[in-house]
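Numbering (UniProt numbering), first residue to last: 1 to 248.
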């Protein structure tokens, strides 16, 4: 895990063409994506190879379950309460978790305001390398925080919903994968998919850190209230939109 300092980041919403400023508390994030070896070493994890390439494919549900298993294994408090398809985040827990999109992008940029922190061929595995799958982690240059492969190799799950108005319960992915072209390999690019989708080019990078008080349902750029407000679509619904229906 790499310590990331407190800071401020601006996030862009392409659909609404808006920007928002997020103030972040200090937190920790994985130096690399979780490898197949790390995944398999946690008690109760599905069997897998012991290599140093990122674990893939990983569904969002598998990712949060694995985070709780790692927390249990090292004696930390679980970050997630999981009840079927319902998952809530205890922001006061010190256990392992997925980063929020704001945390992920702040860590990936590491102070850079450019689309990427270096030349693509120096920092990322991408379609330009003509490879058939993810490569061992930390094979290319790190960013200024010491993080490897934030762009390329595998997409990485984040905690946030992609868009509760348009895509229901889809969760966000960041970073791009080994088969993606230059356009997708930028710090601001986001993708979404169903939390139970099995996608060959998707893995995870873990975060850790207490970022709120017990019972608080917002932290690090994420807000349960904002999720609900965004899903509350009034009037005619655009074709293809599937607003998330929250209970209660």
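For glycine and all other residues, C-beta sits at the position ideal for the given N, C-alpha and C.
Bridge partners - residue i, DSSP secondary structure assignment
i           : result
residue 189 : Looking at the DSSP assignment, residue 189 forms no beta bridge with any residue, so it has no partner.
residue 167 : 242
residue 172 : 192
residue 35  : 54
residue 83  : 86
residue 21  : 10
residue 148 : In DSSP, residue 148 forms no bridge with anything.
residue 97  : 207
residue 3   : 28
residue 202 : 155
residue 223 : 218
residue 161 : 171
Same chain only: Cβ atoms within 6 Å of residue i, ignoring 5 sequence neighbours per side
i           : result
residue 142 : 148
residue 241 : 166
residue 177 : 154, 155 and 201
residue 184 : 176
residue 77  : 93, 94 and 95
residue 220 : 24, 100, 102, 103 and 211
residue 97  : 67, 79 and 207
Own chain partners of residue i with C-beta closer than 7 Å, once the 5 adjacent residues on each side are dropped
i           : result
residue 33  : 54, 137, 149, 153, 154, 156, 203, 204 and 205
residue 123 : 116, 117, 140, 141 and 151
residue 199 : 57 and 193
residue 295 : Residue numbering for the chain in the displayed model covers 1 to 248; residue 295 lies beyond these limits and cannot be assessed.
residue 222 : 100, 159 and 160
residue 75  : none
residue 65  : 82
Straight-line Cα distance separating residue j from residue i
i           : j           : result
residue 99  : residue 234 : 31 Å
residue 40  : residue 88  : 25 Å
residue 85  : residue 107 : 28 Å
residue 196 : residue 169 : 10 Å
residue 180 : residue 126 : 6 Å
residue 104 : residue 144 : 14 Å
residue 246 : residue 228 : 7 Å
residue 190 : residue 237 : 23 Å
residue 182 : residue 109 : 16 Å
residue 294 : residue 160 : With the chain covering 1 to 248 only, the question about residue 294 has no answer from this structure.
residue 140 : residue 239 : 42 Å
residue 27  : residue 172 : 20 Å
residue 31  : residue 133 : 20 Å
residue 62  : residue 81  : 14 Å
residue 119 : residue 69  : 37 Å
Own chain residues within Cβ distance below 8 Å of residue i, not counting five before or after
i           : result
residue 51  : 35, 36, 37 and 136
residue 19  : 10, 11, 12 and 13
residue 8   : 21, 22, 23 and 24
residue 163 : 15, 170, 192 and 230
Beta-carbon gap between residue i and residue j smaller than 9 Å
i           : j           : result
residue 216 : residue 91  : yes
residue 231 : residue 244 : yes
residue 29  : residue 194 : no
residue 213 : residue 112 : no
residue 83  : residue 43  : no
residue 2   : residue 209 : no
residue 129 : residue 121 : yes
Closer than 8 Å: residue i CB and nearest the ligand GTP heavy atom
i          : result
residue 71 : Absence of the ligand GTP from the depicted structure is noted, as is the absence of any ligand whatsoever, leaving it without description.
Requested in this report: Just list the beta strand (DSSP E) runs in the region 111-151, keeping only unbroken ones of 3 residues or longer that don't cross its boundaries, in chain order.
Outcome: For the region 111-151, not a single whole beta strand (DSSP E) run of length 3 or above is found.
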